[in-house]
Amino acid sequence: MAMRVSVDPMSAEPSPRTSAPANEGGGTSPAGQASQLLRTPSEGTVREKEQGAQALRPHAEDAFAAELAALAAQDDRPRPACWRLSPWAVATYLLGGALPDGTVISPKYVGPRRIVEVAVTTLATDRALLLLGVPGTAKTWVSEHLAAAVSGDSTLLVQGTAGTPEEAIRYGWNYARLLAQGPSRAALVPSPVMRAMTEGMVARVEELTRIPADVQDTLITILSEKTLPIPELGQEVQAVRGFNLIATANDRDRGVNDLSSALRRRFNTVVLPLPESPEAEVDIVSRRVDQIGRSLDLPAVPDGIDEIRRVVTVFRELRGGVTTDGHTKLKSPSGTLSTAEAISVVTNGLALAAHFGDGVLRASDVAAGILGAVVRDPAADRVIWQEYLETVVRERDGWTDFYRACREVTV
Ligand SMILES: Nc1ncnc2c1ncn2[C@@H]1O[C@H](COP(=O)(O)OP(=O)(O)OP(=O)(O)O)[C@@H](O)[C@H]1O
Ligand SMILES: [Mg+2]
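Below you can see the structure in the form of structure tokens.
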């Protein structure tokens with residue numbers, strides 16, 4: 004398999020794009036005016052769309068426009084109101100497959116089919132979808148692709164943080180207009196959620212459990228009554244058919260702002276698991292690294308599968324606290340060592356190999372990245388790493404180059 008090189012491993016992470024609170028969109032600040040100019044109600048960010056293929060990281064609906072169009076053309080199953088595709092076609096888009104005319108749909112999510120089927124079906128019901136899981140299990144990635152396949156637009160996004168205000172979920176005001184004309188629909192700046200309600204689309208809320216509990220509760224009326232009251236105008240916005248919401252939440256954040264049971268009842272929760280087998284994880288890492296390299300149009304590096312296998316083995320062993328053969332118990336370091344981090348380590352390694360090596364991915368190209376991912380806490384994690392190096396890596400057949408490379412960077 005030809006591997007390509009990326010200089011920006013972070014591009015493995017889907018990027019939040021429209022997370023500014025709604026009132027920033029129409030404020031009088033230069034930044035507010037600029038973002039107002041760049042947005043149209045349902046077409047995402049105008050400038051990004053104009054740039055098309057030049058975007059560093061195109062939205063899912065742009066990057067996979069050909070696949071989505073082929074699916075739409077050949078999909079003769081019933082589509083829920085306002086859906087671009089049938090639930091079957093959405094699942095095929097996520098899991099990959101071949102269409103009757105021979106078009107190959109690449110897999111976006113590698114994991115149990117049932118999980119995707121339940122997630123897609125939930126979006127066709129009156130319940131919202133909550134994707135839960137440990138870091139790096141593709142929650143954001145799946146939510147972006149679901150929104151792209153169902154609504155053709157994955158940009159109706161609210162990024163949850165401890166400082167997310169209610170306006171980011173409801174609506175804000177263009178204060179210049181508000182002061183000049185008083186409250187009116189023209190002075191109101193809709194949030195991505197409000198836009199999704201009026202246009203029958205899927206909105207996304209990232210990291211729901213990081214949002215303060217009282218702000219989270221704004222979603223209760225939206226999700227149960229499917230309305231958003233605007234008391235200032237004595238009006239309300241009623242969601243049209245096709246509206247739904249996908250939230251993501253990280254297992255490790257739970258407890259910080261745990262979901263109220265009232266809100267939780269409005270969601271169907273789908274837990275995204277860590278890859279079941281080493282082969283599945285190697286498959287995910289190689290696919291994503293290849294895609295990232297392609298999207299950045301960087302020079303190809305030939306076969307790096309052996310090194311990818313080693314990175315995945317190290318991550319899985321340390322994460323699971325036991326060696327692959329089950330013989331040696333290990334201490335787990337404090338970092339998550341997720342698949343997403345393995346993707347970053349390999350991508351960095353490929354960039355090193357292409358720019359400073361001989362174009363072949365070697366142990367020395369991934370060693371520093373692995374060290375960075377494993378040793379988060381300089382004291383405790385370093386001891387765990389050194390113990391792993393000396394007791395497991397050193398003894399393993401065919402791993403001498405890897406052992407040496409790791410020793411060199413572990414000072
Ligand atoms: N099972 C999988 N199938 C396909 N890609 C995956 C899988 N697991 C992880 N990835 C890849 O990992 C990267 C990171 O995923 P993503 O950012 O969606 O994780 P996340 O669960 O949202 O993490 P966090 O909790 O840190 O927000 C993506 O590039 C995604 O393609
Ligand atoms: Mg995420």
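Just so you know, our numbering puts 303 at position 300 of the sequence shown, and the rest follows in order with no gaps. Glycine residues also receive a C-beta, built at the ideal position from the N, C-alpha and C atoms.
For V292 versus V349, is the C-beta distance shorter than 8 Å? Indexing the sequence shown from 1 puts residue 292 at position 289. Indexing the sequence shown from 1 puts residue 349 at position 346. Cβ atoms of V292 and V349: closer than 8 Å.
May I ask you to report which of helix, strand or coil DSSP gives P17? Taking the sequence shown and counting its residues from 1, the one referred to as residue 17 is at position 14. No answer about P17 holds up, because its pLDDT of 40 lies below 50 and its placement is not dependable.
Answer with buried or exposed for L364, where buried requires no fewer than 16 other C-beta atoms within 10 angstroms of its C-beta. As a first step, residue 364 is located in the sequence shown; it is residue number 361 there, counting from the start. Around the beta carbon of L364, a 10 Å sphere encloses 16 or more other beta carbons of the protein chains shown; the residue is thus reported as buried.
Are the beta-carbon atoms of F405 and R313 separated by less than 8 Å? Taking the sequence shown and counting its residues from 1, one reaches residue 405 at position 402. Taking the sequence shown and counting its residues from 1, one reaches residue 313 at position 310. In contact: F405 and R313 (Cβ atoms closer than 8 Å).
Using CA atoms only, rank isn't needed, just tell me which of V414, R397, S367 is closest to Q382. Taking the sequence shown and counting its residues from 1, the one referred to as residue 382 is at position 379. In the sequence under discussion, the amino acid at residue 382 is Ala, which differs from the Gln named in the question. Put simply, of V414, R397, S367 the residue whose alpha carbon is nearest the alpha carbon of A382 is V414.
Spell out a yes or no on whether the region 334 to 345 and the region 360 to 379 are touching, meaning 3 or more CB-CB pairs, one atom from each, closer than 8 Å. They touch, by the three-pair rule.
Taking the alpha carbon of G155 as the point to measure from, which residue in L71, E344, G237 has its own alpha carbon closest? Within the sequence shown, residue 155 is the residue found at index 152, counting from 1. For G155, the closest C-alpha among the options L71, E344, G237 is that of L71.
Closest to L248 by CA distance: which of R269, S263, G237 is it? Counting from 1 along the sequence shown, the entry for residue 248 is found at position 245. Comparing Cα positions, the closest option is R269.
Closer than 6 Å by C-beta to A366: which residues in its own chain qualify, once you throw out the five before and the five after it? Chain order, please. By one-based count along the sequence shown, residue 366 stands at place 363. In its chain, beyond the 5 residues on either side, D404, F405, A408 have a beta carbon closer than 6 Å to the beta carbon of A366.
Closest to A2 by C-alpha separation, out of R410, L333, G360, would be which residue? Only positions 4 to 414 of the chain appear in this structure, which leaves residue 2 out of reach.
Does the Cβ of E344 lie closer than 7 Å to at least one heavy atom of ligand 2? Taking the first residue of the sequence shown as 1, we reach residue 344 at position 341. Using a cutoff of 7 Å, the CB of E344 does not count as near ligand 2, since none of the ligand's heavy atoms is closer than that.
Report the rounded CA-to-CA distance for E51 versus L236, giving the unit in angstroms. Numbered from 1 along the sequence shown, position 48 holds the residue referred to as residue 51. Numbered from 1 along the sequence shown, position 233 holds the residue referred to as residue 236. A caution first: E51 carries a pLDDT of 49, below 50, which makes its placement in the model too unreliable to give a value.
When the distance is taken between beta carbons, is T316 closer than 8 Å to V325? The count along the sequence shown starts at 1 and reaches residue 325 at position 322. The count along the sequence shown starts at 1 and reaches residue 316 at position 313. Here V325 is not near T316, since their CB atoms are 8 Å or more apart.
Using the C-alpha atoms, what's the distance from R173 back to P24? Counting from 1 along the sequence shown, the entry for residue 24 is found at position 21. Counting from 1 along the sequence shown, the entry for residue 173 is found at position 170. Model confidence at P24 stands at a pLDDT of 40, short of 50, so the residue's coordinates are unreliable and nothing is read from them.
Can you tell me whether P234 is buried or exposed, with buried defined as 16 or more other CB within 10 angstroms of its CB? Here residue 234 corresponds to residue number 231 of the sequence shown, with the count starting at 1. P234 should be labelled exposed.
Can you tell me whether DSSP reads D400 as helix, strand or coil? Here residue 400 corresponds to residue number 397 of the sequence shown, with the count starting at 1. In this structure, D400 counts as coil in the three-state DSSP scheme.
Nearest-angstrom beta carbon gap, T224 and L262 [assumed within contact, 8 Å]: Residue mapping note: residue 262 aligns to position 259 of the sequence shown, counting from 1. Residue mapping note: residue 224 aligns to position 221 of the sequence shown, counting from 1. Between L262 and T224 the beta-carbon gap is near 16 Å, outside 8 Å, which marks them as no contact.
Put L126 into one of helix, strand or coil per three-state DSSP. The residue labelled residue 126 in the question sits at position 123 within the sequence shown. In the structure shown, L126 sits in a helix (DSSP, three-state: H, G or I).
Opposite Q162 in the DSSP bridges: which residues? Residue numbering aside, residue 162 sits at position 159 when the sequence shown is read from its first letter. Paired residue(s): E209.
Three-state class that DSSP yields for Y174 in the structure shown: By 1-based counting over the sequence shown, the position of residue 174 is 171. Reduced to three states, the DSSP call for Y174 is strand.
Taking a contact to mean a Cβ-Cβ separation below 8 Å, would you say R87 touches V153 in this structure? Your numbering for residue 87 matches position 84 in the sequence shown. Your numbering for residue 153 matches position 150 in the sequence shown. Yes, the pair counts as a contact, with Cβ atoms nearer than the cut-off.
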